[in-house]
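Accompanying notes for the structure given below.
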Amino acid sequence: MRRIRKTHPPKEFLDWLQVNKGLDCSYGALQGKEAHSALKLHLLKEQGYLCAYTGISISVEESHIEHLKPQSLCRNVPNPGNFDYLEDVEYRNMVACFPKDGGDTSYGYGAPIKAGWWDEEEFISPCQEDCERKFSYQWSGKICPTDENDRAAMTTIENLGLDARRLRERRRKAIKGFFGFGSKKPLTKKEAKNILGKLGQPDRSTGQLKEFCFVFEQLLPKYINPSKK
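Using my numbering, you'd call the opening residue of the sequence shown number 3 and step up by one each time.
Below, the structure is given as structure tokens:
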């Protein structure tokens, strides 16, 4: 999981809220509108086109807007503009996630597996400042709590399916390809050192981050210095 630093909502979304104040300001009313498309694209750019939960690469066509706090639990909240709106259109409660259909559980991991689960005390949010330090990745692609006694990290892994077989295998293949394991030209220590400081930077032309870049960032120091734990 990579930390998401929330920015400001897009103008189209703010304009929609303003126009609909006192009317229907729910997420259901937002869907299908131009403001919804603008919001989704804004979230994708904010996240470097990585799924908020899994870190896999996503696009407009391969993602949906996910509510950190499930829609079923969202309520009316006061707004500085002196009107009430639903938490399900609270910008800080929305992220972009894989897959396109948020209810498609066939992949076995991510937002569809989380579904309506919510426990504020035991959910590690990708917007949480220390979320990246909560999880540890192994060369096999496995994910575990950095602190084995961290109940919230373990609960989050279980409820989001972050160690599901298909996702773990996808991470393993990405790790193998990134480091060049089994190839004639594996990543050199010098290359590894040069890459380390650049992985968190999106591509200048596309705005995209490398899939699982946060996993590589964690493993690179161990690759450079194998004695490092």
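Ideal Cβ positions, reconstructed from N, Cα and C, are used throughout, including at glycine.
To which residues of the same chain is LEU45 closer than 7 Å at the C-beta, ignoring the five residues directly before and after it? Same-chain partners within the cutoff: ILE67, MET96, VAL97, ALA98.
In chain order, which continuous runs of the alpha helix (DSSP H) of length 4 or greater are located wholly inside the region 68-118? Those alpha helix (DSSP H) runs which fall completely within the region 68-118 and span 4+ residues are 113-116.
In the DSSP assignment, the beta strand (DSSP E) including TYR139 goes from what residue to what residue? Note, TYR139: beta strand (DSSP E), 137-139.
Under 8 Å Cβ to Cβ from GLY182, same chain only, skipping five residues before and after it: list those, please. Excluding residues within five positions, the ones whose Cβ falls inside 8 Å are PRO188, LEU189.
Examine chain B for any beta-carbon lying closer than 7 Å to the beta-carbon of GLY163, and answer yes or no. Looking for chain B here will not work: only one protein chain is present.
Terminal residues of the beta strand (DSSP E) in which ILE145 lies: First-last of the beta strand (DSSP E) with ILE145: 145-147.
Checking 7 Å against the spacing of the C-beta atoms, do LEU164 and LEU52 come in under that value? No, these two residues do not count as a Cβ contact at 7 Å.
Answer with buried or exposed for PRO101, where buried requires no fewer than 16 other C-beta atoms within 10 angstroms of its C-beta. Per the 10 Å Cβ criterion, buried.
Per DSSP, HIS66 forms a beta bridge with which residues? The beta-bridge partner set that DSSP reports for HIS66 consists of CYS99.
LEU52 - partner residues in DSSP beta bridges: According to DSSP, which records beta bridges pairwise, LEU52 is partnered with SER59.
Helix, strand or coil: how does DSSP classify ASN161 here? Three-state result, ASN161: helix.
Roughly how many whole angstroms lie between the Cα atoms of GLU64 and PHE180? Taking the Cα positions, GLU64 is about 23 Å away from PHE180.
Measure the C-alpha to C-alpha separation of ASP90 and PRO11 and round it to an integer number of angstroms. Roughly 14 Å between the two C-alpha positions.
May I have the straight-line CA-CA distance separating ARG153 from SER127, to the nearest angstrom? ARG153 and SER127: Cα-Cα distance of roughly 14 Å.
Helix, strand or coil for CYS133, going by three-state DSSP, please let me know. The answer is helix: DSSP assigns CYS133 an H, G or I state.
Roughly how many angstroms lie between the CA atoms of PRO114 and ARG168, to the nearest whole one? Between PRO114 and ARG168, the C-alpha separation is close to 14 Å.
Do LYS8 and ARG94 have their CB atoms nearer than 7 Å? Their beta carbons are under 7 Å apart, which means LYS8 touches ARG94 by this criterion.
Do you know how far the Cα of SER138 is from the Cα of ASN84? Residue placement at ASN84 cannot be trusted, given a pLDDT of 47 that sits under 50; the coordinates are not used to answer.
Am I right that LEU236 and LYS116 are in contact with their C-beta atoms under 8 Å? What's the rounded C-beta distance? This structure cannot speak to residue 236, because the chain is shown only from 3 to 231.
Span of the alpha helix (DSSP H) holding ILE241? Residue 241 lies beyond the range of the chain shown here (3 to 231); nothing can be said about it.
Rounded separation between PHE216 and MET3 - CA only: PHE216 and MET3: Cα-Cα distance of roughly 7 Å.
If you run the structure through DSSP and keep just helix, strand and coil, what is LYS240? Residue numbering for the chain in the displayed model covers 3 to 231; residue 240 lies beyond these limits and cannot be assessed.
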